[in-house]
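Below you'll find the structure, written out as structure tokens, and then a few comments.
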Amino acid sequence: MLRAASFIAIIHIRRTLRIVAALGLFRAIFLLMLIIFGFISTLRPGMLPLQAALILSLIAQAHLTRKDHNLLTSLSINKPAFFIIIYSLITSPFLLLYLFLRDFNAFLILAGGLVLVALFNKPVNFRKRKLHISFPFIPADAWEWRAGLKNIWWVLILTWVVLVSFHRHYFLFAGSIIVFSLVAAGFQMYHESLSMIRALGLNSRQFLIRKIYLQLLLFLAIVAPAMISSMIIHPEGNTAMLMVILNSLLVQAFAVSIKYAGYRQGQHTQYQMSVIFLLNIAFAIPVLLPLPLFMLAIYLRRADLQLKTVLYA
Amino acid sequence: MLKLEDLCFGYEKAVVINHLKWALEPGKVHGLVGMNGAGKTTLFNILSGMLVPQSGSVLFCDQPLNPDKCAMMETTPFFYPMISGKEYLEIFRLKNPDFNIVAWNSVFHLPLRELVDNYSTGMQKRLALMGLIASGRALLILDEPFNGLDFEAVRIVQQIIPALAARGKTILLSSHIPESLTSVCHTISTIKEGKIDFTLQKNEFGRLSELLDSENKIPDDILQNLN
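One line per chain: the protein sequences are A and B, in this order.
All residue numbers for the first sequence refer to my numbering, where the first residue is -12 and numbers rise by one.
All residue numbers for the second sequence refer to my numbering, where the first residue is -4 and numbers rise by one.
Set out below in structure tokens:
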């Protein structure tokens, strides 16, 4: 088991290096800077448990969405012991660091979390909800929203309930906008069929403008109650709220751009949510502040080019 | 002998496998045919240990089937992004160090140093089949192996599968196109409403179309009235 885990860990490291190499020099340096910045900023006293929780959340996300169950079952290694070993190997520098710095809370969060995550070795199948709500008032060409809201309306309701219950806490309003932004951007992850794009009869630029317009309009519609309530109840936080809203709007436009920049019928944009997550919190980290605007400018052009290629192919 | 006895499985209230009974001889190729959603993949997932049956038993050589005896090739095989063909096969060599990658690749003709991301669908299927063989398991399951294969790859698969069975492997493969199985299988069974509807031996394959058509044939009057 140890041999298999070490071997597969080496293969994962090689793959990761290839992915970084495929990013290109500029993006690889940028990514490295972000990682170093994140690492250093969480090295301060009391921040190590947060760092451990962040690493754990990355591993948990990768573990629960993995698709190698059949491959590992065919090798008889789809077992908790295998995952405990491989994740311990991958996170060993951090575990050793926490022991060295005598931060046992961080060590326990990471080590204990890894063991708990490793226990889930079967595919995670979310139960299908029986209550399906349709949204016929949403324009038909906002198909992502019609489909997305059908699956995720309960998250929006839950967020509003939390906001109403704890309306005295200002940070919850800003937090809810970020949640809504993540949810709405997530709708753009899956690529529709080409016939749906062609059916609108628009050229690439008109299509892109229409999709961004719909994304911004519908996003504003779902965040409006939280935004207005916050401005009335907590006027002292209006500047910060404005920053969050502006940043989220840029993220929404970026979500549409990145989708169509890499559009391939029936596929989904890989790593989209990781980038979106990073951009969503950009307003809070000075070094990242101009990032959404910068990324939007790059990907808008790429989306237009890709749509031109696809539409005139 | 692989024996499935009174096997039941369902997703929530939908019964997919319904008191299924099936006996498969070792060293033979067994085809399973069924409509979309008939339960072929669910049955294969139970055999491979990915799903646990709600009742019934699966016996292999009179012992409960251990997932260690079985390997499965999915309809759409999964590969880690940015992995090379050679690295993929080397993972299987962890359990079967005797597997000779070079010798087998002289049959499959794959550019193993290339990343799997750059392979065509047919090449990915061939690689997945090589992985299945490399696992060295006694029971091999292939879910829709002919989907997405070009004619050359189909020929390779049609030659290799019987050769593996001749070495004593029990092979189970599915298709929703019955004709694709007749050249490789020793038996063909159909699954319907979660049960094995009928099983034909090789010398009875001529009756396959007749049996399937008797249930699915569109009446002539409906065909004539179609505009």
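C-beta atoms are modelled at their ideal positions from N, C-alpha and C, and glycine is treated no differently.
Query - Integer Cβ distance of Phe87 (chain B) from Ala129 (chain B), believed to fall under 8 Å - result: Yes, they are in contact, since the Cβ atoms of Phe87 (chain B) and Ala129 (chain B) sit about 4 Å apart, within 8 Å.
Requested in this report: Within the same chain, show all residues whose beta-carbon is closer than 7 Å to that of Ala160 (chain B), passing over the 5 residues directly before and after it, in chain order.
Outcome: Annotation for Ala160 (chain B): Gly22, Lys23, Val24, Ile166 place their beta carbon closer than 7 Å to its own, counting only its chain and skipping 5 residues before and after.
Query raised in the report: Got a sec, what are the start and stop residues for the beta strand (DSSP E) Val68 (chain B) sits in?
Result: According to the sequence as given, residue 68 (chain B) is Met; it is not Val. Note, Met68 (chain B): beta strand (DSSP E), 65 to 68.
Report task. Spell out a yes or no on whether the stretch 2 to 11 of chain B and the stretch 40 to 59 of chain B are touching, meaning 3 or more CB-CB pairs, one atom from each, closer than 8 Å. Result -> A contact exists between the stretch 2 to 11 of chain B and the stretch 40 to 59 of chain B.
Query raised in the report: Which residue comes first and which comes last in the beta strand (DSSP E) that contains Asp1 (chain B)?
Result: -3 to 6 is the extent of the beta strand (DSSP E) around Asp1 (chain B).
Query raised in the report: How would you label Arg14 (chain A), buried or exposed, when you count the other beta carbons within 10 angstroms and need 16 or more for buried?
Result: Arg14 (chain A) is exposed by the Cβ-count criterion.
Query raised in the report: Helix, strand or coil: how does DSSP classify Lys90 (chain B) here?
Result: If DSSP states are grouped into helix, strand and coil, Lys90 (chain B) belongs with coil.
Query raised in the report: Which residues, in order along the stretch 57 to 82 of chain A, keep a beta-carbon less than 7 Å from a beta-carbon of chain B?
Result: Cβ proximity to chain B below 7 Å picks out Asn57, Leu58, Thr60, Ser61, Leu62, Ser63 from the stretch 57 to 82 of chain A.
Query raised in the report: Where does Ala129 (chain A) sit, in a helix, a strand or coil, going by DSSP?
Result: Coil.
Query raised in the report: Could one say the Cβ of Asp90 (chain A) lies closer than 7 Å to chain B's Cβ atoms, at least one of them?
Result: At least 7 Å separates the CB of Asp90 (chain A) from every CB of chain B.
Query raised in the report: What is the C-beta distance between Ala153 (chain A) and Met228 (chain A), in whole angstroms, given that I count them as a contact (C-beta under 8 Å)?
Result: The residue you asked about is not Ala; residue 153 (chain A) is Phe in the sequence shown. The Cβ separation is near 16 Å, so there is no contact.
Report task. Can you tell me which of the three DSSP states Thr177 (chain B) falls into? Result -> Reduced to three states, the DSSP call for Thr177 (chain B) is coil.
Query - Reference Ser61 (chain A), options B:Gly51, B:Leu110, B:Pro48, B:Gly126, closest by Cα - result: That would be B:Gly126, whose Cα lies nearest to the Cα of Ser61 (chain A).
**Report entry** the stretch 85 to 104 of chain A in contact with the stretch 134 to 146 of chain A per 3-pair CB rule at 8 Å
**Finding:** No, the stretch 85 to 104 of chain A is not in contact with the stretch 134 to 146 of chain A.
Query raised in the report: What beta strand (DSSP E) runs, 3 residues minimum, are completely inside the stretch 123 to 182 of chain B?
Result: Counting only runs of 3+ residues, the beta strand (DSSP E) found wholly inside the stretch 123 to 182 of chain B occupies 134 to 137, 165 to 170, in chain order.
Requested in this report: Indicate the three-state DSSP secondary structure (helix, strand or coil) for Asn13 (chain B) in the structure shown.
Outcome: Strand at Asn13 (chain B).
**Report entry** Partners in chain B for Asp128 (chain A), counting only beta-carbon separations shorter than 9 Å
**Finding:** Near Asp128 (chain A) there are no residues of chain B at all, since even the closest Cβ is about 30 Å away, more than 9 Å.
Query raised in the report: Relative to the C-alpha of Ser191 (chain A), which residue among A:Ala8, A:Val243, A:Asp55, A:Ala269 is closest?
Result: Minimum Cα-Cα distance from Ser191 (chain A) among the listed residues A:Ala8, A:Val243, A:Asp55, A:Ala269 corresponds to A:Val243.
Query raised in the report: In chain order, what residues of the same chain lie with their CB nearer than 8 Å to the CB of Leu237 (chain A), ignoring the 5 residues before and after it?
Result: Excluding positions up to five away in sequence, the list reads Leu266, Pro279, Leu280, Leu283.
Requested in this report: Name, please, each residue of chain B whose Cβ falls closer than 8 Å to the Cβ of Lys54 (chain A).
Outcome: Contacts between Lys54 (chain A) and chain B, judged by CB atoms closer than 8 Å, involve Phe73 in chain order.
Query raised in the report: So is Ile136 (chain B) in contact with chain A if we call contact Cβ pairs under 7 Å?
Result: Chain A, which has no Cβ nearer than 7 Å to the Cβ of Ile136 (chain B), makes this no.
Report task. Drop a sphere of 10 angstroms on the beta-carbon of Tyr286 (chain A), count the other beta-carbons inside from all chains shown, and report buried for 16 or more, exposed for fewer. Result -> Of the residues assessed, Tyr286 (chain A) falls on the buried side of the cut-off, its CB having 16 or more other CB atoms within 10 angstroms.
Query raised in the report: Which residue's Cα is closest to the Cα of Phe193 (chain B): B:Ile172, B:Ser175, B:Leu27, B:Asn220?
Result: Cα-wise, what sits closest to Phe193 (chain B) is B:Leu27.
Query - Ser175 (chain B) versus B:Asp138, B:Lys187, B:Glu109, residue with shortest Cα-Cα distance - result: Selected option, being the one with the closest Cα: B:Asp138.
Report task. Please list the segments of the alpha helix (DSSP H) lying wholly inside the stretch 169 to 223 of chain A, counting only runs of 4 or more residues, in order along the chain. Result -> The stretch 169 to 223 of chain A contains these whole alpha helix (DSSP H) runs: 181 to 186, 191 to 220.
Query - Three-state secondary structure (DSSP) of Leu278 (chain A) - result: If DSSP states are grouped into helix, strand and coil, Leu278 (chain A) belongs with the helices.
**Report entry** Span of the alpha helix (DSSP H), counted from its first residue to its last, around His50 (chain A)
**Finding:** Element bounds for His50 (chain A): 35 to 51.
Query raised in the report: Name the residues in the stretch 94 to 127 of chain B whose C-beta lies less than 7 Å from a C-beta of chain A; which are they?
Result: Cβ contacts with chain A: none found.
Query raised in the report: Rounded to the nearest angstrom, how far is the Cβ of Ala134 (chain A) from that of Phe69 (chain A), given a contact under 8 Å?
Result: Contact flag wrong, Cβ pair sits at about 36 Å.
Query raised in the report: With distances taken from CA atoms, which of B:Leu122, B:Met(-4), B:Ile151 is nearest Thr70 (chain B)?
Result: Each of B:Leu122, B:Met(-4), B:Ile151 was checked against the Cα of Thr70 (chain B), and the nearest Cα belongs to B:Leu122.
**Report entry** Beta-carbon spacing of Thr29 (chain A), Leu21 (chain A) below 7 Å
**Finding:** Not closer than 7 Å, so no.
Query - Inter-residue Cα distance where the pair is Phe91 (chain A) and Lys66 (chain A) - result: Each residue's CA atom was taken as its position, placing Phe91 (chain A) and Lys66 (chain A) some 27 Å apart.
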